[in-house]
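**Student:**
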Amino acid sequence: MWNKGAIPGGAQPYIKVSIGPQSHGTVSLLIYEWNDFENLGMYDERVGDIAYICDRLAISHNLCKSSQLGQFITHIPSDQANTTSVYTKTLTLSGNETEAALYKVDATGYYCVALTSTASTNQTDSFFEAWVEWKFPYGELPATDYPKLLLYGVFAFVYLAVGLFWFVQSFRYWSDILPVQHFLSAAIFYLVVEMAFNFGYWEAYNQTGKASYGLLALVALLNAGRTSMSFFMLLIVCMGYSVVKPSLGHSMKYCIILACTHFGCGVIYTLGTMLLSPETAGFLILLVIFPLSITMTIFYVWTLNSITATIRDLELRKQHVKILMYKRLYRLLVFSVVAVVLIFILNMFAYSDSVNLDWAAKSWKFRWIMLDGLLNILYFIVFFVIVILWRPTNNNARYGLMQISQDEEEALDLEERLRRAEEGDEYGHSRNTGAERHVIDESAVFELGEELTDEEEDHQPINKVELSDVSKNNRYNNKSQGKGGEQSALLHVDQDEDEDDDHLDDSEHARLTGNARRLT
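Quick note on numbering: full-length UniProt numbering labels position 407 of the sequence shown as 407, and the sequence is numbered without any gaps.
#1: Measuring CA to CA, which of N39, T84, N376 and P137 is closest to I15?
#2: With respect to the beta strand (DSSP E) encompassing S336, which residues constitute its N-terminal and C-terminal limits?
#3: Here's a check: name, in chain order, each residue in its chain whose Cβ is nearer than 6 Å to the Cβ of V192, leaving out the five neighbours to either side.
#4: Could you pull out every residue in the same chain whose Cβ sits closer than 7 Å to the Cβ of I298, ignoring the five residues on either side in sequence?
#5: Just checking, does the stretch 302 to 318 make contact with the stretch 345 to 361 on the three C-beta pairs under 8 Å criterion?
#6: Alpha carbon to alpha carbon, how far is S247 from M1? Give it in angstroms, no decimals.
#7: Comparing C-alpha positions only, which one of S306, T295 and L286 sits nearest to residue 543?
#8: Exposed or buried, N223, counting other C-beta atoms within 10 Å across all chains shown (16 or more means buried)?
#9: DSSP three-state label for Y138, please.
#10: Of the choices V387, F384, L284 and M325, whose alpha-carbon is the least far from that of V355?
#11: Does DSSP classify M252 as helix, strand or coil?
#12: So if DSSP puts D49 in a beta bridge, which residue, or which two residues, is it bridged to?
#13: Note the first and the last residue of the continuous alpha helix (DSSP H) segment covering K148.
#14: Please classify L69: does DSSP put it in a helix, a strand, or coil?
#15: To which residues does DSSP link I369 through a beta bridge?
#16: Give me the Cβ distance between Y103 and W34, rounded to the nearest whole Å; I'm assuming they're in contact under 8 Å.
#17: Can you say whether A51 is buried or exposed, counting buried as having 16 or more other CB atoms within 10 angstroms of its CB?
#18: In whole angstroms, give me the CA-to-CA distance for L324 and L141.
#19: For I188, which three-state DSSP category applies?
#20: Between the C-alpha atoms of residue 523 and Y351, what's the straight-line distance to the nearest angstrom?
#21: Are N3 and A107 touching if we call contact CB-CB under 9 Å?
#22: Going by DSSP, what residues sit across from K104 in a beta bridge?
#23: N198 and V168: beta carbons closer than 9 Å?
#24: Might you give, ordered along the chain, the residues of its own chain that have their beta carbon closer than 6 Å to the beta carbon of F183, omitting 5 neighbours on each side?
#25: What is the residue span of the alpha helix (DSSP H) that L234 lies within?
#26: Going by C-alpha distance, which of G153, Q181 and A339 is nearest V382?
#27: Tell me the rounded alpha-carbon separation between L235 and G264.
Structure (structure tokens):
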């Protein structure tokens, strides 16, 4: 239970024990905070066990006094007599008692209530029924779940603030918005709605004292959809979608299948963490986490492999700004992988002690961090960094399919490098396959020039040069024209200018030279 001072504006918490009207006999009552458990009972050397109730046998063994008959035995040091939380009382029931005790909670702690019949040795001459009311300072929500109410409430406002920032930036640069940024806009809206529903679920629970299974199912679906959507978007971006490639082909289907599988595992995880009690579930809680961890691992491995391949392709094309962005994204992914592994290991160690008697008493305050807090905080950090990296600016073209050049000579050098890469003469690579040549063909234009700082990116003037590879038979140029003019060939330079002069007539040579001069 949380004390009054731990909850701003909270009421006075208490524990109320009520007795049913049909009760009769003698009952021993004990209320204490877990840290005082060691002050309960006395070891009986004659019996070889700890005696907790002061009966006639315990009195004869000098474990308690006759005036304490029927009470729980305590051995509280004299200097702690006024500071202990232990409250014990013997109740003689005659059928007209309704309130047995009203215990005021002054300190936050794990409180326990025990009642036992002490009428006779065989305990057949007494009968009682009792109710224990736990009055919390904030409402009806269990103390272990109360921090979740604050967690999702804070995150709802935080994501709303992020959404307002994103909306302002999108409104300012709407004409330059990229497809990926539209996806991020939808993701931010989804996160605000999801956090609001999470907060609503716990608030309804706090007001009524009962979990709404309708809201629970909705929250589970929203939570699973959030993680699946996020991993899916991250994967296709790392594969180069809308930044390097206009489409992913059949790979998109496999991405969707993995996202749907992760969604199902996410629903199981969310329902498990909300319905299962760690004190009774034991290692079953790990079975809830394990399927989700498998699909998450597959997502991470695939994403890291994809972003590595994308960075390698961008380095070949000298697209420095995109490379810088993807390298930052790569470091962010590595950080998140390490963090997820550490969280999983911490959870394993934490729940490995769940069979111990004092585990619940020691873990109730921070259990919400292990199941909900750490993963939500990690998700927000990763998502917020991605929002900063992909925020709409006046220079959105640096992340688009359009590739930018500030140096004609470097553009010509890149054209030569691409031709050599296709022929397999550079970097010691083997000759490209048909699929690899297709990737080169689809890359319409490239971002060139020296690597810029973030401030220079926003103010640097941009000169655009469109390039594509032109073979001796112009097969790629013809192919691109057949696709609706997505790729255009403006410049083509061979190593030997004399050989070019032999293959080009005067009009064609003049046309290409004129195009090059106009672009400088």
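Note that beta-carbon positions come from the ideal geometry of N, C-alpha and C, so glycine has one too.
For clarity, every value in this text was computed on a predicted model and none was experimentally measured.
**Tutor:** Concretely, from the data shown:
#1: By one-based count along the sequence shown, residue 15 stands at place 15. Nearest of N39, T84, N376 and P137 to I15, Cα basis: P137.
#2: For the purposes of this step, residue 336 is taken as the residue at position 336 of the sequence shown. It is not in any beta strand (DSSP E) - S336 instead sits in the alpha helix (DSSP H) that spans H320 to S352.
#3: The count along the sequence shown starts at 1 and reaches residue 192 at position 192. Counting only Cβ-Cβ distances below 6 Å, and skipping sequence neighbours, we find Y159, L160 and G163.
#4: As a first step, residue 298 must be located in the sequence shown, where it is residue number 298. Closer than 7 Å at Cβ, skipping near neighbours: L258.
#5: Between the stretch 302 to 318 and the stretch 345 to 361, the count of Cβ pairs shorter than 8 Å is below three; the stretches do not touch.
#6: Sequence index remark: in the sequence shown, residue 1 carries index 1 (1-based). Sequence index remark: in the sequence shown, residue 247 carries index 247 (1-based). Taking the straight line from one Cα to the other gives about 55 Å.
#7: There is simply no residue 543 to check, as the chain begins at 1 and stops at 520 in what is shown.
#8: Position 223 of the sequence shown holds residue 223. Flag for N223 reads buried.
#9: Stepping through the sequence shown from its first residue, residue 138 is reached at position 138. Looking at Y138 - three-state DSSP - the assignment turns out to be coil, as it is neither helix nor strand.
#10: By 1-based counting over the sequence shown, the position of residue 355 is 355. The shortest Cα separation from V355 among V387, F384, L284 and M325 belongs to L284.
#11: Numbered from 1 along the sequence shown, position 252 holds the residue referred to as residue 252. Shown here, M252 sits in a helix according to DSSP, grouped into three states.
#12: The count along the sequence shown starts at 1 and reaches residue 49 at position 49. For D49, which the question treats as bridged, DSSP gives the partners D44.
#13: Position 148 of the sequence shown holds residue 148. Segment Y146 to R172, the alpha helix (DSSP H) holding K148.
#14: Numbered from its first residue, the sequence shown carries residue 69 at position 69. Coil at L69, not helix or strand.
#15: Sequence index remark: in the sequence shown, residue 369 carries index 369 (1-based). The partner list for I369 (beta bridge, DSSP) is empty, contrary to what the question assumes.
#16: For the purposes of this step, residue 103 is taken as the residue at position 103 of the sequence shown. For the purposes of this step, residue 34 is taken as the residue at position 34 of the sequence shown. Between W34 and Y103 the Cβ distance is about 14 Å, and since that is not below 8 Å, they are no contact.
#17: For this step, residue 51 is matched to residue 51 along the sequence shown. The residue in question, A51, is buried, as its Cβ has 16 or more Cβ neighbours within 10 Å.
#18: Sequence index remark: in the sequence shown, residue 324 carries index 324 (1-based). Sequence index remark: in the sequence shown, residue 141 carries index 141 (1-based). In this structure, the straight-line span from the alpha carbon of L324 to that of L141 is close to 47 Å.
#19: Looking up residue 188 in the sequence shown gives position 188. Looking at I188 - three-state DSSP - the assignment turns out to be helix.
#20: Since the displayed the chain opens at 1 and closes at 520, residue 523 lies outside it and no answer follows.
#21: Taking the sequence shown and counting its residues from 1, the one referred to as residue 3 is at position 3. Taking the sequence shown and counting its residues from 1, the one referred to as residue 107 is at position 107. Yes; because the gap between Cβ atoms is below 9 Å, this pair is in contact.
#22: As a first step, residue 104 is located in the sequence shown; it is residue number 104 there, counting from the start. In the DSSP output, where bridge partners are listed per residue, K104 has Y14.
#23: As a position in the sequence shown, residue 198 is number 198, starting the count at 1. As a position in the sequence shown, residue 168 is number 168, starting the count at 1. No, these two residues do not count as a Cβ contact at 9 Å.
#24: Mapped onto the sequence shown, residue 183 falls at position 183. Result list for F183: M233, in chain order.
#25: One-based indexing of the sequence shown puts residue 234 at position 234. Counting along the chain, the alpha helix (DSSP H) containing L234 begins and ends at Y213 to C238.
#26: Residue mapping note: residue 382 aligns to position 382 of the sequence shown, counting from 1. For the residues G153, Q181 and A339, the minimum Cα distance to V382 belongs to A339.
#27: Along the sequence shown, one-based indexing puts residue 235 at 235. Along the sequence shown, one-based indexing puts residue 264 at 264. Their Cα atoms are separated by approximately 18 Å.
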